Amino acid sequence: MKRFKNLLILFLVMMGLLLSCTVAKADSLSITLASPYQIGPGPVYEFIATVTNNSSKMVYLNSDSAYVDSPLILDPSPYVYDWPLTLGAGDSYTGILFDVDVPDGTPIGLYTGYFDITGGHYNSSEQYTVGTADFNIYVTPEPSSLLLLASGLAGIAGTLKRRLVG
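Following this line, the structure appears as structure tokens:
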């Protein structure tokens, strides 16, 4: 029984040491995305966001990590070139966060993605995720495609009606 008690104490001490070494990193930034806006001649959408520093310390905005389902293409250059390098405690910034290009011929459906801002509190070399924004893009057919579909269905309905009546 004494051996079991010693093993239990040793296990609890080891678990305590392991748990005390991990540092909990909660998101310091809140990212609020506005509805995407279509820009340019092609199907490119820009996402405007308001990023707020919810912590009591300055946050360095060092880099980003982003993803969107294929075949959509995410362009993070608005964040890279236009956003500030730091946000002070309680500060916020609003601007274009990223663009998403929907290539011609993209199948209709729901596409998902995320945009992470990495950085830290103490120096510009920290690389923790300090803010995350998830987003969805629902690709719908172009109005001209819907018009073509509707005219085809009207033609089929007219042909069926003529065959049933005559």
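Its first residue numbered 0, the sequence shown is counted upward by one per residue in numbering that gives the first Met the number 0. Backbone N, C-alpha and C fix where the C-beta goes; we use that ideal spot for every residue, glycine too. Source: prediction; values computed, not measured.
Please check the pair residue 135 and residue 105, which I expect to be a contact at CB under 8 Å, by giving their CB distance rounded to whole angstroms.
For this step, residue 135 is matched to residue 136 along the sequence shown. For this step, residue 105 is matched to residue 106 along the sequence shown. Contact flag wrong, Cβ pair sits at about 14 Å.
In whole angstroms, what is the alpha-carbon distance linking residue 156 and residue 42?
Position 157 of the sequence shown, counted from the first residue, corresponds to residue 156. Position 43 of the sequence shown, counted from the first residue, corresponds to residue 42. One C-alpha to the other measures close to 33 Å.
Cross-strand partners of residue 109 (DSSP beta bridge)
Along the sequence shown, read from residue 1 onward, the residue named residue 109 stands at position 110. In DSSP, residue 109 forms a bridge with 137.
Can you tell me which of 71, 93, 75 and 79 puts its alpha carbon nearest to the alpha carbon of residue 28?
On the sequence shown, residue 28 is found 29 positions in, with the first residue counted as 1. If we check each option's Cα against that of residue 28, 93 comes out closest.
Classify residue 164 as helix, strand or coil using the three-state DSSP reduction.
Here the question's residue 164 lines up with position 165 in the sequence shown. In the structure shown, residue 164 sits in a helix (DSSP, three-state: H, G or I).
Contacts around residue 68, its chain only, beta-carbon distance under 7 Å, and the 5 residues preceding and following it disregarded:
Along the sequence shown, one-based indexing puts residue 68 at 69. Around residue 68: 110, 111 and 112.
Do residue 138 and residue 107 have their C-beta atoms closer together than 8 Å?
Counting from one through the sequence shown, the residue named residue 138 turns up at place 139. Counting from one through the sequence shown, the residue named residue 107 turns up at place 108. Yes, Cβ-Cβ distance for residue 138 and residue 107 is below 8 Å.
Can you check whether the CB of residue 63 is closer than 8 Å to the CB of residue 116?
Along the sequence shown, read from residue 1 onward, the residue named residue 116 stands at position 117. Along the sequence shown, read from residue 1 onward, the residue named residue 63 stands at position 64. For residue 116 and residue 63, yes; Cβs fall inside 8 Å.
Three-state secondary structure (DSSP) of residue 80:
Numbered from its first residue, the sequence shown carries residue 80 at position 81. Helix, per DSSP.
Check this for me: beta carbons of residue 130 and residue 61, under 8 Å apart or not?
The sequence position of residue 130 within the sequence shown is 131, counting from 1. The sequence position of residue 61 within the sequence shown is 62, counting from 1. Cβ distance not < 8 Å, so residue 130 and residue 61 don't count as in contact.
Distance check for residue 47 and residue 78, CA to CA, integer angstroms please.
Stepping through the sequence shown from its first residue, residue 78 is reached at position 79. Stepping through the sequence shown from its first residue, residue 47 is reached at position 48. Their backbone Cα atoms lie some 10 Å apart in a straight line.
Cβ neighbours of residue 51 in the same chain (closer than 6 Å, five flanking residues each side left out)
Reading the sequence shown from its first residue, position 52 is the one you call residue 51. 29 and 91.
Of all the options 122, 74, 120 and 114, which has the alpha carbon lying nearest to the alpha carbon of residue 100?
Against the sequence shown, residue 100 aligns to sequence position 101. The shortest C-alpha separation from residue 100 is found at 74.
DSSP-derived helix/strand/coil call for residue 118
Locating residue 118 in the sequence shown gives position 119, counting from the first residue. Correct three-state label for residue 118: strand.
By the three-class DSSP mapping on this structure, what secondary structure does residue 149 have?
Numbered from 1 along the sequence shown, position 150 holds the residue referred to as residue 149. DSSP places residue 149 in helix when its eight states are reduced to three.
DSSP state of residue 104 mapped onto helix, strand, coil
Taking the sequence shown and counting its residues from 1, the one referred to as residue 104 is at position 105. Looking at residue 104 - three-state DSSP - the assignment turns out to be coil, as it is neither helix nor strand.
What three-state label does DSSP hand residue 24 in the structure shown?
Reading the sequence shown from its first residue, position 25 is the one you call residue 24. Only weak support exists for where residue 24 lies, its pLDDT of 49 falling under 50; the value from the coordinates is given anyway. Reduced to three states, the DSSP call for residue 24 is coil.
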